[in-house]
Amino acid sequence: MQTIDIVVIVVYLLCSAWLGLRLSGKQHNLKDYFIGNRQLPWWAVCLSVVATETSALTVISIPGVAYLGDVTFLQVAVGYLIGRVVVAFVLLPRYYRGEMTTAYAYLGLRFGRGMQSTASVTFLFTRLLADGVRLFAAAIPMKIVLDSFGLEASYFVIVAIMGVITVLYTLIGGIRAVVWVDVLQMGLYAIGGVVALAVVMNSIDVNFLAVAAAEGKTRFLDLTSNPISEPYAALTALLGGALLSTASHGADQIIVQRLLACRNVRDAQKAVIASGVVVFLQFALFLTVGLALYSYFDGASIDRLGLANSDELFPMFVVEGIPAGLAGLILAGIMAAAMSTLSSSLSALSSSTMADLYEKFSRRHLDDAQALRLSRLFTLGWGLMFIIAAAMFTGTDNPVVELGLSVASITYGGLLGAFFLGLWVRRARQLDATVAFGVAVATMASLFLFAPELIGFTWYTAIGTTITLGVGFLLSLRHRHIAPRVQSEDSPSSSSGGKGRL
25 MQTIDIVVIV VYLLCSAWLG LRLSGKQHNL KDYFIGNRQL PWWAVCLSVV
75 ATETSALTVI SIPGVAYLGD VTFLQVAVGY LIGRVVVAFV LLPRYYRGEM
125 TTAYAYLGLR FGRGMQSTAS VTFLFTRLLA DGVRLFAAAI PMKIVLDSFG
175 LEASYFVIVA IMGVITVLYT LIGGIRAVVW VDVLQMGLYA IGGVVALAVV
225 MNSIDVNFLA VAAAEGKTRF LDLTSNPISE PYAALTALLG GALLSTASHG
275 ADQIIVQRLL ACRNVRDAQK AVIASGVVVF LQFALFLTVG LALYSYFDGA
325 SIDRLGLANS DELFPMFVVE GIPAGLAGLI LAGIMAAAMS TLSSSLSALS
375 SSTMADLYEK FSRRHLDDAQ ALRLSRLFTL GWGLMFIIAA AMFTGTDNPV
425 VELGLSVASI TYGGLLGAFF LGLWVRRARQ LDATVAFGVA VATMASLFLF
475 APELIGFTWY TAIGTTITLG VGFLLSLRHR HIAPRVQSED SPSSSSGGKG
525 RL
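Quick note on our numbering: the sequence shown kicks off at 25 and runs consecutively.
Below is the structure:
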């Protein structure tokens with residue numbers, strides 16, 4: 025690493041803050057701040073969705089997955105695309121029909137304020153932990169870089185610097201700043217992946233794909249592994265990926281908020297489906313980097329390379345094998361991936377706190393200026409919480425991409441099951457949904473904490489969804505009369521059911 029690499033990284037950080045503020049525009053009310061007054065183009069939303077869900081985990085961890093194993097992770101990406109189609113045609117029309125600004129407003133309309141708040145609080149807590157992992161992941165390569173310069177910076181200091189800059193442009197610029205900076209950041213880390221692959225290919229004198237094929241690393245479909253315990257068995261990966269994507273893109277506010285910023289439901293549908301294609305190509309790129317690194321390092325084990333785990337493999341190559349200047353560009357791309365996810369989370373957490381909690385329980389009436397100021401305070405508060413959460417992680421035995429997905433999946437099944445319960449079980453009431461949701465989350469948390477080796481993380485969402493639907497359906501049998509469907513936005517009581525001032 026050379027001084028120019030540090031200069032590139034610093035310039036990137038400054039430009040991110042400046043661009044976020046420059047592109048944000050003026051916000052006059054909460055609809056401007058949280059969903060850009062629904063005036064954002066679908067292609068920008070599409071790229072923002074990809075940048076949001078990719079994070080530093082993909083850039084850092086996916087090459088290591090291919091290095092140690094094969095490319096069966098792509099099966100999950102195929103499942104992601106299937107899940108997005110479900111979101112596009114089942115859930116998005118309902119969100120737009122009700123002029124909602126959070127994913128959980130639907131649950132408020134269908135079941136009541138209690139279920140909406142329960143889902144929102146669960147989202148806040150889980151997102152804090154899952155994205156704490158993502159932010160920590162971005163600190164891994166930066167620590168390697170600083171250590172190479174003799175600067176013994178802690179993970180906390182690195183996380184704090186990235187966090188403060190991200191909070192700055194999210195706090196002031198709102199969702200417009202988040203989306204447009206996401207577009208630029210995604211382009212940066214995609215270019216970084218292409219540059220890394222080109223450098224590896226130029227550094228080896230063998231056909232890395234032929235070497236990988238001879239070692240069985242180009243296998244795409246896994247039809248032989250145990251579908252229960254192995255997360256990348258074909259059935260597990262496709263079904264688990266589809267349900268995970270349905271939950272993350274249809275019931276998680278971090279993605280739904282972006283989709284609600286499109287001009288209409290048709291644009292939102294194009295954005296979410298196209299994002300699935302882009303994600304597949306992105307996974308393929310970084311898995312290919314991992315296959316190339318296998319030839320670059322002559323298939324050496326992680327221990328032989330002197331690394332703690334596979335997540336350090338790609339960062340080490342960037343530090344030692346990439347020419348000066350380009351290394352800084354790739355590391356900036358890794359930081360860009362982390363910051364895009366963090367900014368998206370901050371905006372989503374702030375909007376959910378405001379719309380699903382504060383406005384539902386506070387008796388205060390705020391004008392637009394007061395509401396906007398309070399929302400920015402929520403953004404600042406969550407930013408500080410993210411920095412603290414990321415500092416809690418100091419390492420992991422498994423690839424951080426799997427840890428991040430596992431943490432998020434603890435509640436995804438319960439959330440998705442609650443949405444399907446509202447759509448398919450007309451008898452279900454608020455207590456039924458809340459109890460079923462609680463049972464599902466408690467079950468998945470127990471599996472994650474006490475028996476993670478028994479069931480692959482790609483099953484978490486499917487199991488949670490099944491538990492919520494099953495328990496909710498059984499509880500609904502207590503009711504003689506069929507509960508009403510979602511109230512229309514014109515009904516007298518809809519204003520108190522979750523639509524809110526946004």
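A virtual CB, placed ideally from N, CA and C, is assigned to each residue, including glycine.
Between the segment 260–272 and the segment 100–111 there are three or more C-beta pairs closer than 8 Å, enough to call the two in contact. CA-to-CA, the gap between alanine 184 and leucine 195 works out to about 16 Å. The beta carbons of threonine 492 and leucine 445 sit closer together than 8 Å. Contact check for valine 296 against histidine 273 passes: the beta carbons are separated by less than 8 Å. Within the same chain, Gly198, Ile199, Arg200, Val203, Ala285 come within 8 Å of glycine 60 by CB-CB distance, once the 5 residues on both sides are set aside. For arginine 282, the enclosing alpha helix (DSSP H) starts and ends at 277–283. By the CB criterion at 8 Å, leucine 370 and valine 191 fall inside the cutoff.
For glycine 462 and glutamine 454, the gap between their C-alpha atoms comes out near 12 Å. Counting of Cβ neighbours within 10 angstroms places glycine 330 among the exposed residues, the total staying below 16.
The beta-carbon separation of tyrosine 320 and valine 224, rounded to 5 Å, stays under the 8 Å limit for a contact. Nearest neighbour of serine 85 by Cα position, chosen from Leu366, Ser500, Leu311, Leu499, turns out to be Leu311. For glycine 88, the CB contacts under 7 Å within the same chain, skipping 5 residues up- and downstream, are Gly314, Ser334, Asp335, Leu337, Phe338, Pro423 in chain order.
Along the length of the segment 319–353, whole alpha helix (DSSP H) runs at least 4 residues long occupy 337–345, reported in chain order. With 16 or more other CB atoms across the displayed protein chains lying within 10 angstroms of its CB, tryptophan 406 is buried. With a cut-off of 8 Å on Cβ pairs, the segment 479–490 is in contact with the segment 248–262, counting three or more such pairs.
In the three-state DSSP reduction, leucine 64 falls in the strand class (E or B).
Restricting attention to beta strand (DSSP E) runs no shorter than 3 residues, the segment 67–139 encloses none. Residue environment for aspartate 391: exposed (fewer than 16 other C-beta atoms within 10 angstroms of its C-beta). Nearest to glutamine 63 by alpha-carbon distance, out of Asp291, Ile33, Leu170, is Asp291.
According to the DSSP assignment, methionine 416 belongs to no alpha helix (DSSP H), since it is labelled neither H nor E.
Rounded to the nearest angstrom, the gap between the Cα atoms of leucine 471 and alanine 143 is 20 Å. In the same chain as methionine 139, and ignoring 5 residues on each side of it, the C-beta atoms closer than 6 Å to its own belong to Leu131, Gln454, Ala457, Thr458, in chain order. For glutamine 26, there is no enclosing alpha helix (DSSP H), as DSSP gives it neither H nor E. With contacts defined as CB atoms closer than 8 Å, isoleucine 434 and threonine 150 qualify as a contacting pair. Here alanine 90 is near lysine 241, since their CB atoms are less than 8 Å apart. Residue environment for tryptophan 42: exposed (fewer than 16 other C-beta atoms within 10 angstroms of its C-beta).
In this structure, valine 449 lies away from valine 74, with their beta-carbon atoms at least 8 Å apart.
Contact between phenylalanine 307 and leucine 98 holds, with the beta-carbon distance rounding to 6 Å and staying under 8 Å.
Measuring C-alpha to C-alpha distances from threonine 260 to each of Val111, Ser500, Val102, Leu501 identifies Val102 as the nearest. With contacts defined as CB atoms closer than 8 Å, glycine 211 and phenylalanine 410 fail to qualify as a contacting pair.
When the alpha-carbon of valine 230 is set against those of Ala214, Leu283, Leu317, the nearest one is in Leu317. Ranked by Cα distance from methionine 186, the options Phe402, Ala356, His503 are led by Ala356. About 7 Å separates the Cβ atoms of valine 95 and arginine 243, confirming a contact at the 8 Å cut-off.
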